[in-house]
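For the sequence shown, the numbering used here gives the first residue as 306, with consecutive numbering after it. Worksheet: the structure to be examined is printed underneath.
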Amino acid sequence: MEYREEKMMDQLYLKNTYLFEIDTQATECKKDEKDRPYVLLNQTIFYPQGGGQPCDYGKMIGSGFEYTVHDVRQIGEEIRHYIDLPQNSMQDFQGNCVVKCIIDQDRRLLNARYHTAGHLLGNIVEKLCPNLKAQKCHAFPGESYIEFQGKEMPNEPLLSETLKNVMAKNLQTKIFEMDRRQFESTYYKLPYEIPETKKFRIVQIGNYPPIPCGGTHVISLAEIGEILLKKMKQKNGILKISFGVK
Ligand SMILES: [Zn+2]
306 MEYREEKMMD QLYLKNTYLF EIDTQATECK KDEKDRPYVL LNQTIFYPQG
356 GGQPCDYGKM IGSGFEYTVH DVRQIGEEIR HYIDLPQNSM QDFQGNCVVK
406 CIIDQDRRLL NARYHTAGHL LGNIVEKLCP NLKAQKCHAF PGESYIEFQG
456 KEMPNEPLLS ETLKNVMAKN LQTKIFEMDR RQFESTYYKL PYEIPETKKF
506 RIVQIGNYPP IPCGGTHVIS LAEIGEILLK KMKQKNGILK ISFGVK
């Protein structure tokens, strides 16, 4: 897992998973090294792909135009909203205007359900098998898996049963901020570098150990629906569990 700096002020998806529409200021329209046009915004509800989670799709509507946002990436300080811009229309759209942004609500919620399911599976497996440590979660719908470092193999019926019982409790997710020192003195030592004094965003399901995360999460586990355990494979000290939600 890696640390991606998040700025709570203008990345509105960090504050509210359910904010699907805003009016904001487009500040610039630029092209990347592959000549693909992208827009920078003052504030954004679009989640940029990363942390094992796909980006949001949506629309950007302004006076006399409507663009499809088909990719969103965070490159350094920029959150790039890639738009379908007709050829030669760069001159017409320089940015610097008010735009209405609307994200694809179904896609956002599906991604948040998958992503939250990945957190929960990580929490449950680590609790059942303390020698396993979650190290990677790929929560793309249809191809989701979580990987753990360690040679243990969870007992599958026990894992399924535990998952079912935890889901029945409909635990809530909490989001809060702490700096590294506070976090490590309260919870556990982080296995990767985070600047010492910067506050970072943390997610916690129920009373499970919290983890730093910049993804989008559903508030209550009931919103996930059902988590399906698909396959468990142990290879070279890495346990891979494939899962889905329905
Ligand atoms: Zn997360």
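Every residue, glycine too, gets a C-beta built ideally from N, C-alpha and C.
**Asked** Do three or more CB pairs link the segment 521-533 to the segment 476-485 at distances below 8 Å?
**Response** yes
**Prompt:** What do you get for Ser368, buried or exposed, if any count of 16 or more other CB atoms within 10 angstroms of its CB means buried?
**Reply:** exposed
**Prompt:** CB Ile350 to CB Cys442, shorter than 7 Å?
**Reply:** no
**Request:** Find the nearest neighbour of Met365 within the set Glu466, Leu390, Asn436, judged by alpha-carbon distance.
**Result:** Leu390
**Request:** Please list, in chain order, all residues of the same chain as Leu324 whose beta carbon is under 6 Å from its beta carbon, the five residues on each side excluded.
**Result:** Leu317, Ile350
**Request:** Over the uninterrupted beta strand (DSSP E) stretch that includes Pro342, give me the two end residues.
**Result:** 342-346
**Prompt:** Which residues have their C-beta within less than 6 Å of a heavy atom of ligand 3, listed in chain order?
**Reply:** Among the ligands present in this structure, namely ligand 1, ligand 3 is not found.
**Asked** In the segment 399-458, which residue ranges form an unbroken beta strand (DSSP E) of at least 3 residues, counting only runs that do not cross its ends?
**Response** 402-408, 438-443, 450-454
**Item:** Closest residue to Arg486 among Glu501, Tyr497, Glu333 (Cα-Cα distance)
**Value:** Glu501
**Message:** If I follow the unbroken beta strand (DSSP E) through Ala331, where does it start and stop?
**Reply:** 326-336
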